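In my numbering, each number is its position in the sequence shown, counted from 1, plus 224. A short write-up of the structure that comes next.
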Amino acid sequence: MSKRILITGGAGFIGSHVVRLFVNKYPNYTIFNLDKLTYAGNLENIKDIEQKENYTFLKGDITDPIYIQEIFQKYQFDGVIHLAAESHVDRSITNPMEFIMTNIVGTATLLNASKALWKDNFKDKLFYHVSTDEVYGSLHNDNEFFTEQTHYDPQSPYSASKASSDHFVRAYHNTYKMPVVLSNCSNNYGQNQFPEKLIPLFINNIRNNKPLPVYGKGENIRDWLYVVDHARAIDVIFHQGKLGETYNIGGHNEWTNIDLIHLLCKIMDKKLNRPEGTSQKLITYVQDRAGHDLRYAIDATKIKNKLGWEPSLQFDEGLNITVDWYLENTEWLESVTSGNYQNYYEQQYANK
Ligand code: NAD
Ligand code: TYD
């Protein structure tokens, strides 16, 4: 069946993997990638598919209701996969208002435009909201996991804004019967992640012999999932998820930050032919993040039992692929760290 699907945030880290998967796997779908190209948006992430016939890039802001209404009317989307967001916890601590605008107002703007376009005829329509496990707050006991029934208890401006957007999506389902699905995923890692997040930042710093800033004692725990596995899960949920439901996505892969950093140092020493222990010397303990969540861990039983999804890669495989990618794509890293990637839109798209 042919569909016209709007993917928001498709120039970002996870969105670029979702856009690639959908454009390549579903030639009969028309994929529209809407992205504002903030600092986190990088069209170089999806260079390989930008010439495909079933792909269109739209530069725009999800918080701009007039523009959003216009594109919904013009392109008549059947489905929305909503990833656009401000996504970095540290930035949410210094600038919460931007998170409130993009994550809450932006999501509501998309919900309103979908409602206006689809009116009450929701047949074969779907609004898929991509969210995070951080909405559940912080775990303090080893035997606890986030399930779909866990109460929301967000602790940072980032997670509070995502929690709010999740509530709006469920409210539109409950009130207007809009067909929605949601997923809440654990920490992602992989190719094309902006080097402000732990894994790409540390890979880049090790490359450049720069300090590795470990927050607090490095005892915080995260559950890491390879980004391509997240994109696969989004595909499965978009096509088979039950309307109105939520699916937790995770890697069954918990690491304290410090153990993960030691592993990364070891891998990097090997790949860079440096004596073992070289990278570890770069570890620098710094002041802890304000309100730093102790532990996230997902119980992904529902998506496994109901939709048959499981992670395809072991962590050591995924981390190896990721490190190799950053070492082989130093041009990408340098374009990002120098800011040159922000000229790509002007060079390739503007005036065309
Ligand atoms: P990212 O920061 O890499 O990308 C976000 C994208 O959204 C960028 O391309 C940016 O330009 C775009 N964007 C930001 N504001 C916009 C606006 N107002 N209008 C249009 N586009 C805008 O984020 P990511 O890590 O790829 O995360 C994508 C989604 O997945 C987010 O909703 C995030 O909450 C969620 N998520 C992320 C993780 C993770 O580990 N990164 C885990 C679970 C869920
Ligand atoms: P991050 O990649 O920012 O993801 P999130 O905060 O969404 O989990 O951080 C992952 C973990 O690594 C988190 O516990 C904070 C920690 N961290 C550091 O210790 N140093 C850093 O420089 C960064 C960016 C993160």
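Ideal Cβ placement from N, Cα and C applies to all residues, glycine included. These numbers were taken from a predicted model, which means no experiment stands behind them.
- Within the stretch 299-377, the runs of alpha helix (DSSP H) that reach at least 4 residues and sit entirely inside it are, in chain order, 313-318, 320-323 and 330-342.
- At a threshold of 7 angstroms, I286 counts as near the ligand NAD, since its beta carbon sits closer than that to one of the ligand's heavy atoms.
- Distances from the alpha-carbon of W556 to those of I324, P289, P424 and Q538 put P424 closest.
- Measuring C-alpha to C-alpha distances from N472 to each of M492, W448, S407 and Q511 identifies S407 as the nearest.
- Look at I491 here: in three-state DSSP terms it is helix.
- In the assembly as shown, N365 is an exposed residue. Its beta-carbon has fewer than 16 other beta-carbons within 10 Å.
- Distances from the CB of I238 to the heavy atoms of the ligand NAD include at least one below 7 angstroms.
- By the Cβ-count criterion, M321 is exposed, with fewer than 16 other Cβ atoms from all chains shown falling within 10 Å of its own Cβ.
- Judged by DSSP in its simplified three-state form, P435 adopts coil rather than helix or strand.
- Q566 has its alpha-carbon roughly 39 angstroms from the corresponding atom of K528.
- Straight-line measurement puts the Cα of V354 at about 15 angstroms from the Cα of Q464.
- Beta-bridge annotation (DSSP): I445 is paired with T480 and R519.
- For K227, the uninterrupted beta strand (DSSP E) segment begins and ends at K227 to T232.
- The three-state secondary structure of F426, taken from DSSP, is helix.
- The secondary-structure analysis by DSSP pairs N257 across a beta bridge with I231 and F281.
- Cβ-Cβ distances below 7 angstroms link D390 to H353, S355, V359 and L406 in the same chain, with the five nearest sequence neighbours on each side left out; the list follows chain order.
- Taking V451 as reference, the option from I324, G474, K298 and K343 with the minimal CA-CA separation is G474.
- Contact between the stretch 492-500 and the stretch 383-401 is absent, with fewer than three C-beta pairs closer than 8 angstroms.
- In the structure shown, N248 adopts helical secondary structure according to DSSP, grouped into three states.
- Going by DSSP, Y509 is part of the beta strand (DSSP E) stretching over I507 to V510.
- In its chain, beyond the 5 residues on either side, S362, L363, H364, E443, N444 and I445 have a beta carbon closer than 8 angstroms to the beta carbon of L518.
- L537 sits in coil when the DSSP states are folded into three classes, being neither helix nor strand.
- Set against 7 angstroms, the gap from the CB of L245 to the closest heavy atom of the ligand TYD is not smaller.
- With a 10 Å radius around the Cβ and a threshold of 16 neighbouring Cβ atoms, V393 comes out buried.
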